[in-house]
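Peer 1:
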Amino acid sequence: MTISIWRYSHLALAVSSFVFILLASITGIILAFEPISDKLQPYQVADLNTLSLSETVSIFKDNYPEVIEIQIDANHFVFASVITEDGKSLNGYFNPKTAQFLANRKEPSKFFQWVTNFHRSLFLKGIGRFFVGLCSFILFLIAISGLILVIKRQGSLKKMFSKVINENFNQYWHVVLGRLSLIPIIIITITGVYLSFEKFNILPKATTSHIVNFDVISETPKLDLLQFPIFKNTKLSQVKSVEFPFSQDVEDYFILELKDREILVNQFTGTVLSEEKQPLVGFFSNLSLNLHTGKGSIIWSIILAIASINILFFIYSGFAMTLKRSKAKLKNKFKKDQAKYVILVGSENGSTLPFANVLYKQLLQAGEKVFISELNKYSSYKRAKQLIVLTATYGQGEAPTNANKFLKLVESTKQNKDLKFSVVGFGSLSYPDFCKFAFDINIKLNDYFKEGTAPFTIHDKSVEAFEQWTQVWSKSQGLQFKISEKELVIKPKLLKKLKVLEKTQVSKNPDQTFLITLKPKKSLRFKSGDLLAIYPNHDYRERLYSIGKINGNMQLSVKYLEGGLGSNYLNKLELQNKFKAKLVKNSSFYFPKQASRVILIANGTGIGPFLGMLHDNKKKIKTHLYLGLRTQASFDLYKQQLTNFISDKKLRKLELSLSQEANKTYVQDALFNDAKFIAAMLEKKGIIMICGSLVMQKGVLGVLEKICATYNNKPLVYYQNRQQLKMDCY
Amino acid sequence: MKVKQFLLIVIATLGLLSVTSFKETTKYKCMIQMTNYTGEAAYVVISLINPQGEYEKTLYVQGDDDEWYHDISDWWKFYGKKRGNLDAITGATIAGGARTISVIDIEDSKIDAGYSIRFETAVEDQEYYTKDVQFPLTSENVKSKQDGTGFIRYIRMMPN
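Taken in order, these protein sequences are the chains called A and B.
Residues 210 to 939 (our numbering) make up the first sequence, in order.
Residues 11 to 170 (our numbering) make up the second sequence, in order.
1) Cα-Cα, which of A/Leu740, A/Asn746 and A/Ser776 is closest to A/Cys938?
2) From the DSSP secondary-structure annotation, give me the bridge partner or partners of B/Asp157.
3) What are the boundary residues of the beta strand (DSSP E) that A/Thr726 is part of?
4) Taking only the alpha-carbon atoms, compute the straight-line gap between B/Ser31 and A/Asn313 and give it to the nearest angstrom.
5) Going by C-alpha to C-alpha distance, which of A/Pro818, A/Phe854, A/Asp845 and A/Leu836 sits closest to A/Ile830?
6) Taking DSSP's pairing of strands, which residues face A/Lys935 in a bridge?
7) Against B/Met41, what residues of chain A qualify as contacts under a CB-to-CB distance less than 7 Å, listed in chain order?
8) Counting only runs of 3+ residues fully inside the region 846-896 of chain A, write out the beta strand (DSSP E) ranges in chain order.
9) How many Å lie between A/Glu783 and A/Glu751 at the Cα?
10) Is it the case that the Cβ atoms of A/Ser631 and A/Leu596 are separated by a distance below 9 Å?
11) Kindly indicate which residue of A/Ser755, A/Gln487 and A/Pro454 has the alpha-carbon position closest to the one of A/Ser796.
12) Could you give the DSSP three-state label for B/Ser31: helix, strand or coil?
13) Run through DSSP, which three-state label would A/Lys705 get?
14) At a Cβ cut of 9 Å, what residues of the region 427-450 of chain A count as close to chain B, listed as they run along the chain?
15) Just the C-alpha distance for A/Lys802 and A/Thr236, rounded to the nearest angstrom, thanks.
16) Counting only runs that start and end within the region 407-495 of chain A, where is the beta strand (DSSP E) found for 3 or more residues in a row?
17) Any heavy atom of the ligand FMN closer than 8 Å to the CB of A/Ala790?
18) Tell me B/Glu130's beta-bridge partners as DSSP assigns them.
19) Let me know if A/Arg216 comes out buried or exposed under the rule of 16 or more other beta-carbons within 10 Å of its beta-carbon.
20) Who are the neighbours of B/Ile111 on chain A, taking C-beta pairs under 9 Å?
21) Chain B partners of A/Ser298, CB-CB under 7 Å?
22) Quick one: is A/Val324 buried, meaning 16 or more other Cβ sit within 10 Å of its Cβ, or exposed?
23) Please classify A/Lys915: does DSSP put it in a helix, a strand, or coil?
24) From the beta carbon of A/Gly761, is the nearest beta carbon of chain B less than 9 Å away?
25) Since A/His824 and A/Ile759 are thought to touch, with beta carbons under 8 Å apart, how far apart are those beta carbons, to the nearest angstrom?
26) Contact between the region 520-531 of chain A and the region 484-501 of chain A is defined here as three or more beta-carbon pairs at a separation below 8 Å; is this criterion met?
27) Does the Cβ of B/Thr159 have 16 or more other Cβ atoms within 10 Å, making it buried, or fewer, making it exposed?
28) Along chain B, in chain order, which residues have C-beta atoms closer than 8 Å to that of A/Gln322?
29) Are the CB atoms of A/Leu331 and A/Val287 nearer to each other than 9 Å?
30) Compile a chain-ordered list of the residues in the region 130-143 of chain B whose CB is closer than 9 Å to at least one CB of chain A.
31) For B/Tyr38, which residues does DSSP report across the bridge?
32) Establish whether the CB of B/Asn95 and some CB of chain A are separated by less than 9 Å.
33) On a CA-only basis, which of A/Leu262, A/Lys894, A/Leu539 and A/Phe321 is nearest A/Ile439? Give me that one, please.
34) Counting beta carbon pairs with one atom in the region 716-730 of chain A and one in the region 590-608 of chain A, are three or more of them shorter than 8 Å?
35) Given this structure, state the Cα-to-Cα distance separating A/Glu914 from A/Asn930, to the nearest angstrom.
Shown next as structure tokens:
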């Protein structure tokens with residue numbers, strides 16, 4: 210499949226350099242701890258911002274007959290080299306206030322030295338340095354191409370930091386962590402490249418050249434060291450080093466190196482002999498070194514370590530995604546003009562391809578002539594009778610990269626007029642523009658050809674939905690085949706163990722509804738409203754149930770159906786039985802943490818999650834429940850729990866509508882009766898939650914729409930956009 | 011006879027002791043100013059050379075990464091065999107154009123006794139100068155300025 214130039218570069222660069230990057234990141238993580246361990250040494254004894262240089266210089270002069278040099282490092286440790294009264298030389302850390310010797314300079318750790326050496330040259334000296342520098346640059350390019358991919362994916366630069374939809378682990382975290390560590394990685398790579406340039410003398414040399422006029426140099430007027438204005442006015446925090454005059458000759462002077470300047474000072478009069486600004490190159494070298502190594506800052510060192518760990522993850526997840534993609538490639542047995550069936554695929558990351566391939570194989574097995582290709586490679590198909598388009602939608606309802614020219618190609622390509630087409634859209638309902646591109650294609654093709662089967666959408670790569678479509682479609686073709694699910698099945702992962710605690714009996718309920726309580730491991734975090742996916746046959750077929758959390762356990766409200774896969778499975782479980790299921794987070798259907806008022810609307814088993822929410826309504830947010838059931842007897846199952854909630858004030862009002870009793874009422878009717886109240890609570894930012902059947906949802910939304918229009922003069926969408934409406938219907 | 015032998019031994023040991031304990035040393039400040047060459051910072055080794063022209067003692071090493079010591083090949087032939095402890099007399103390498111002041115210890119008995127001091131320099135991927143600076147240790151020379159022939163522009167020495 211064609212992939213965009215950016216994705217291709219992103220991958221190609223990564224492939225070409227990942228070994229070096231891997232080594233550099235691992236050693237980088239280790240090295241991040243060096244500045245941390247240095248900084249933790251106890252030699253920062255005074256505040257260098259309040260101490261002037263003259264104080265330090267004179268206290269050293271008073272204490273030691275000979276002072277060679279004083280240096281201040283990135284950790285604000287003061288290092289000096291002096292000779293004591295008894296003729297011993299002392300090199301080490303000193304207290305800048307008292308000139309008291311603190312400790313010998315720490316020998317650079319052999320281990321860190323060894324790792325540093327490996328990090329910058331892989332023990333290959335010059336050649337190694339070159340490669341490491343080059344890979345640093347490549348990593349920079351990878352980061353930039355990654356940035357562009359994220360921007361494209363999110364739709365625009367503005368939305369760069371908006372929510373990423375979690376479709377699969379590697380992809381999701383690759384994007385999320387990529388965004389977060391982008392800036393540190395760019396800094397690491399640029400400084401890394403800069404440091405390499407420096408090693409290879411590509412940058413101009415940062416030397417300061419002083420010119421001292423020795424003809425006019427004078428020993429008078431003599432000034433006390435403490436009175437040197439330049440020393441008095443310089444805080445120790447600005448100083449990098451002071452080199453003391455070599456001898457008593459007036460030609461020997463103090464060399465004072467500040468953060469941005471180098472100054473020569475007459476040792477007798479204190480006058481400034483020469484002052485040179487540090488060249489920009491030197492400034493950048495210093496900055497690069499500190500930013501690249503984290504010297505002097507624990508927080509930055511930690512950020513660098515985390516960024517390096519992320520790089521390792523990117524290498525892993527990037528390759529995992531690539532492998533997955535390459536599994537799905539298109540191969541053909543027949544030429545395009547021989548085929549009766551033409552399958553065209555639009556996919557951004559290849560996840561639609563397995564579906565297309567399965568269909569292709571089935572048609573081949575059925576003895577048909579099939580041709581499979583990408584949407585962008587659309588051309589004339591002389592003998593084609595049926596065109597099948599399987600496509601994903603990318604970003605905000607846009608075409609995937611290998612399909613972005615298709616709509617234009619349809620216009621410009623000559624094709625049989627009697628061609629029939631069928632479109633299948635793949636997508637996720639969590640995107641606002643669900644399968645939009647598929648619909649766009651359908652509209653476009655309608656202008657030219659005849660529709661075979663109606664456009665069909667598939668949520669979350671559902672194998673079942675695809676199976677449904679193939680049945681409809683193959684029937685329309687007079688073909689008989691079943692797709693082999695095995696090739697499409699992704700084994701459910703992250704299964705959690707659950708134990709059956711309680712179960713009510715189906716036979717005792719007039720609607721064959723039962724409650725089942727499951728005990729998860731204590732560590733499992735979930736909320737009422739989350740979904741539990743169970744796998745009755747331990748294969749691809751999953752069934753979702755809304756969870757009500759009660760006393761830390763999961764309570765599901767299940768309607769038993771004759772031959773129903775999930776309900777049969779759950780009903781057959783005995784107390785204390787254990788089984789595995791997957792927890793699916795559903796944060797858009799959580800009970801609000803704060804709200805003026807909440808209205809819960811449910812019918813049938815839709816009450817399941819609400820039971821848990823009410824149970825945990827410890828803040829006693831004013832909550833009303835509109836519940837639709839069939840008969841009075843249906844209510845028995847929930848009666849006890851709901852009465853308790855009312856007496857605890859967790860539930861303020863229960864409005865029960867029974868559809869199979871004498872006066873036949875539905876929740877819609879009950880809502881309509883309370884229209885004024887509902888309109889008012891919506892205005893006061895109250896929240897409405899709906900759970901139950903799609904039929905009920907449709908009815909309820911109709912009523913709410915009417916209420917809003919009549920009393921509030923606003924469409925329901927107004928409140929929906931303000932997140933005042935939460936729904937989970939099936 | 012026995013007494014005579016005993017006396018001899020006593021005298022000999024005393025003599026030896028006096029020689030070893032009579033190691034009066036003086037500290038010298040020594041400034042190394044490098045030329046403006048480009049490339050890696052230089053390793054500089056300061057050694058005491060005996061009247062026969064052989065290494066006698068390592069006085070100072072500018073450069074603390076001992077992985078590179080073998081590149082300073084002449085000195086390495088002397089030092090590499092025993093590998094004494096250099097911790098107290100090592101400093102950082104010196105970059106082109108930079109200068110460094112270090113303090114070295116020289117026994118007074120070596121002054122005006124035919125001994126010399128040698129500064130040898132080596133830079134990664136560049137030349138190696140065995141005798142960048144070398145001059146006899148005379149009481150005159152130890153407070154002088156001497157020009158270098160390689161990476162060193164000049165050195166200055168001064169007794170402390």
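Glycine included, every Cβ here is placed at the ideal spot set by N, Cα and C.
Peer 2: The relevant details are as follows:
1) A/Leu740
2) B/Tyr164
3) A/Thr726 -> beta strand (DSSP E) spans Thr722 to Pro729.
4) Unreliable placement is indicated for B/Ser31, whose pLDDT of 45 sits below 50; no coordinate value is reported for it.
5) A/Phe854
6) A/Met898
7) Phe455
8) Taking 3 residues as the shortest admissible run, the region 846-896 of chain A contains the following complete beta strand (DSSP E) segments, listed from N- to C-terminal end: 862-867.
9) 20 Å
10) Taking C-beta atoms as the reference points, A/Ser631 and A/Leu596 count as a pair closer than 9 Å.
11) A/Ser755
12) Model confidence at B/Ser31 stands at a pLDDT of 45, short of 50, so the residue's coordinates are unreliable and nothing is read from them.
13) strand
14) Taking 9 Å as the Cβ-Cβ cut-off against chain B, none of the residues of the region 427-450 of chain A qualify.
15) 45 Å
16) 448-452, 462-467, 470-475 and 481-486
17) Although the ligand FMN was asked about, the structure shown includes no ligands whatsoever.
18) B/Val55
19) buried
20) Ile277, Glu278, Ser290, Glu452, Phe453 and Phe455
21) Lys37 and Val113
22) Buried, since its Cβ has 16 or more Cβ neighbours within 10 Å.
23) helix
24) no
25) 5 Å
26) no
27) exposed
28) Asp75
29) no
30) Glu134 and Asp135
31) B/Ile114 and B/Pro169
32) At a cut-off of 9 Å between beta carbons, B/Asn95 makes no contact with chain A.
33) The residue with the shortest Cα to Cα distance from A/Ile439 is A/Leu262.
34) no
35) 14 Å
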